[in-house]
Every structure is written in structure tokens, then in C-alpha cells.
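Be aware that the sequence shown starts at 29, since it is given in the numbering used here, and climbs by one per residue.
Just so you know, even glycine gets a beta-carbon here, dropped at the ideal spot from N, CA and C.
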Amino acid sequence: MFVNSWFSFFASQAPEPLPLEEILEPFPPARTISFTIRTAQGYDLLNLAEILADSFHDRAGFTGLIFPLLRLGIYEDLRNRLRSSPPHYACLVAVAEQPVEQEELIGTIELALKLPPPWQFRPPHYPYISNLAVKKIYRRQGAAMQLLAACERLVMVWGFEDLYLHVLENNYEARRLYLKAGYQLQGVEHSWWSWLLGQPKRLFLHKHLQPSG
Ligand SMILES: CC(C)(COP(=O)(O)OP(=O)(O)OC[C@H]1O[C@@H](n2cnc3c(N)ncnc32)[C@H](O)[C@@H]1OP(=O)(O)O)[C@@H](O)C(=O)NCCC(=O)NCCS
């Protein structure tokens with residue numbers, strides 16, 4: 029009884045709660061960043077290598093020890109691809125929209141025409157996506173979807189209507205992304221590593237592009 033009356037006293041003194049919109053207004057909504065997509069340039073290489081190494085390799089344990097080497101390998105490979113710039117090759121980057129001198133690179137993707145191994149029943153050349161990665165602090169803000177969409181536009185300009193990529197079966201974040209972007213499973217690839225060491229299998233995904241308009 030005593031407790032109840034104290035409770036009702038404080039309840040009657042408590043100010044009316046503010047509407048939720050007012051409470052949340054000072055905090056920016058999660059998806060505030062706006063960015064543009066452009067082709068990668070030589071001066072992006074260091075940042076690109078950093079994003080890719082961070083996205084595909086663990087900084088802990090043994091890989092942490094050889095992390096600088098892995099990053100250097102990525103840097104060199106990418107530098108060679110950008111330099112040789114084969115026809116039907118593109119490395120795209122997403123950059124946070126700020127004045128150019130401060131622009132921040134937040135994600136990347138590569139697109140190329142791939143030649144299938146002779147034993148696989150695939151088109152002679154097919155557009156293939158690789159090395160999609162977004163800087164950790166900028167994830168879940170739509171950058172990967174934008175990079176994929178940019179590749180799709182490019183593929184149609186090149187005169188193709190299908191796009192392919194691989195994803196590891198245990199990469200659930202990326203699998204959800206590709207599902208959302210409209211990719212479908214084309215095949216599951218087993219390797220010696222997956223048989224012998226229980227390594228994740230590679231899923232081969234495909235999207236048929238619909239020209240708009
Ligand atoms: C996979 C990756 C590229 C996604 O980049 P991103 O910019 O965060 O993706 P988006 O913001 O465009 O996400 C689009 C959709 O993908 C799915 N998705 C992306 N990240 C997810 C996560 N961590 N958990 C669950 N779903 C996720 C969601 O459906 C999301 O839509 P929603 O945010 O409206 O729910 C990023 O996590 C990454 O760089 N990972 C490491 C590298 C990698 O695995 N690359 C793919 C190799 S095949």
C-alpha cells in the first residue's frame with residue numbers, strides 16, 4: 029500500500045515522455061551517407077589494397093603476422109590489372125561524397141570477361157564479378173548494392189545480358205546481398221579442399237539482366 033502510493037506519487041510527477049521522433053531527431057538515421065561510383069585510378073591503389081585485405085583476411089593469428097604481405101600481394105595484382113587494363117575490364121570504387129580533396133574511398137568491385145575452363149559448360153566468355161568489398165564502418169548503407177548496379181549497367185553497355193560471380197557457402201552476408209540483388213544459384217563447386225578439409229564450397233551465382241525501358 030505504502031509502496032503503491034509512493035509509486036503513484038512519482039508517476040504523477042514524471043514528465044510526459046517526448047514523442048519518439050523528437051528523441052531520435054538529433055541522431056542521424058543509419059543510412060545518411062551518400063556516395064558516387066567511379067572507375068578506380070592509380071592513386072586509389074593503396075586504399076583499395078587496404079579495404080580488400082581487411083575484408084578478405086583476418087588481422088588476428090597467423091594471417092595477422094603476414095597481413096602486410098597479403099596486402100602487398102593484393103596491391104601488386106590490382107596494379108597490374110589496372111595498368112594492363114584489358115578490354116572489358118573495370119575496377120569500380122564507391123567514394124563518399126565530399127569535396128574531391130577529402131573524398132573517402134569506401135568500397136570496390138571488379139568486373140571482367142571470364143573464360144571458363146574447357147570442362148565446364150558455360151558461355152565462351154561471360155561477365156564475371158569479383159573482389160566486391162566495402163570498408164567495415166560503411167557497411168549496411170547500400171554501397172555494395174550500388175556497386176553491383178553499376179556493374180550491371182556496364183555489362184549491358186558491353187552488350188551482354190548475364191552476369192556471374194562466386195560466393196563461398198559460409199559467407200552468409202554476401203549471400204543475402206546477392207539474393208537481394210536478384211542472383212540465383214547456378215551450381216555448387218566442390219574442390220579437393222572442400223572434400224578433404226571440410227572447406228566451404230563455392231557457389232556459382234547468375235543473374236539475367238533485364239534492359240530497362
Ligand atoms: C558483403 C559486403 C560487400 C556487403 O556490403 P554492404 O555495403 O554492407 O552491403 P549493402 O549495404 O549494399 O547491403 C545490401 C543487402 O545485403 C544484405 N546484407 C549485407 N550485409 C549483411 C549482413 N552483415 N548481414 C545480413 N545481411 C546483409 C542485406 O539484405 C542488405 O540489405 P538491408 O541492409 O536493407 O537489409 C560487405 O559485407 C563486405 O565487404 N564483406 C567482406 C567481403 C566479402 O565477403 N565480399 C563478397 C565476396 S563474394
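Please report how far the alpha carbon of residue i lies from the alpha carbon of residue j, in whole angstroms.
i	j	result
L73	L100	10 Å
R181	Y206	16 Å
Q130	K163	16 Å
G215	P145	15 Å
A209	M173	7 Å
Y211	R167	20 Å
L191	A88	34 Å
E132	I61	11 Å
Y103	W223	31 Å
D156	D105	First, the amino acid is wrong: residue 156 is Tyr here, not Asp. About 17 Å.
H153	L143	5 Å
L231	V183	21 Å
L139	A171	16 Å
K235	L225	30 Å
L193	L120	16 Å
A118	L80	16 Å
E201	E189	25 Å
Use the C-beta contact count for residue i: other C-beta atoms within 10 angstroms, 16 or more gives buried, fewer gives exposed.
i	result
G135	buried
P56	With a pLDDT of 43 at P56, under the threshold of 50, the predicted position of this residue should be treated as unreliable, and no value is reported.
S40	Summary for S40: the model assigns pLDDT 48, below 50, so the residue's position carries little reliability; its value from the coordinates is reported in the next sentence. It is exposed - the Cβ of S40 has fewer than 16 other Cβ atoms within 10 Å.
L76	buried
Q69	exposed
Q238	exposed
V185	exposed
Q126	exposed
I137	buried
Per DSSP, what kind of secondary structure is residue i in: helix, strand or coil?
i	result
L133	strand
P115	coil
K303	Because the chain here runs from 29 to 241, residue 303 falls outside it and cannot be looked at.
S83	helix
G92	helix
Q148	coil
R203	helix
Identify the residues that DSSP records as bridge partners of residue i: which are they?
i	result
Q212	H234
D190	H236
I65	A122
L139	A118 and I157
V195	L231
V14	With the chain represented from 29 up to 241, any question about residue 14 goes unanswered, as that position is not in the structure.
E78	E78 pairs with nothing; no bridge assigned.
E104	Paired residue(s): none; E104 is not in a bridge.
E217	R230
Practice prompt. Indicate whether the contact test is met: 3 or more Cβ pairs, each with one atom in the stretch 144 to 151 and one in the stretch 88 to 106, closer than 8 Å.
Written response: Too few Cβ pairs lie closer than 8 Å, so no.
Worksheet item: Is the stretch 167 to 186 close to the stretch 62 to 71, with three or more CB pairs under 8 Å?
Response: In this structure the stretch 167 to 186 touches the stretch 62 to 71; the number of beta carbon pairs closer than 8 Å is three or more.
Discussion item. If contact is defined by three or more beta carbon pairs under 8 Å, each pair taking one atom from either stretch, is the stretch 190 to 200 in contact with the stretch 112 to 125?
Written reply: Verdict: no, contact absent.
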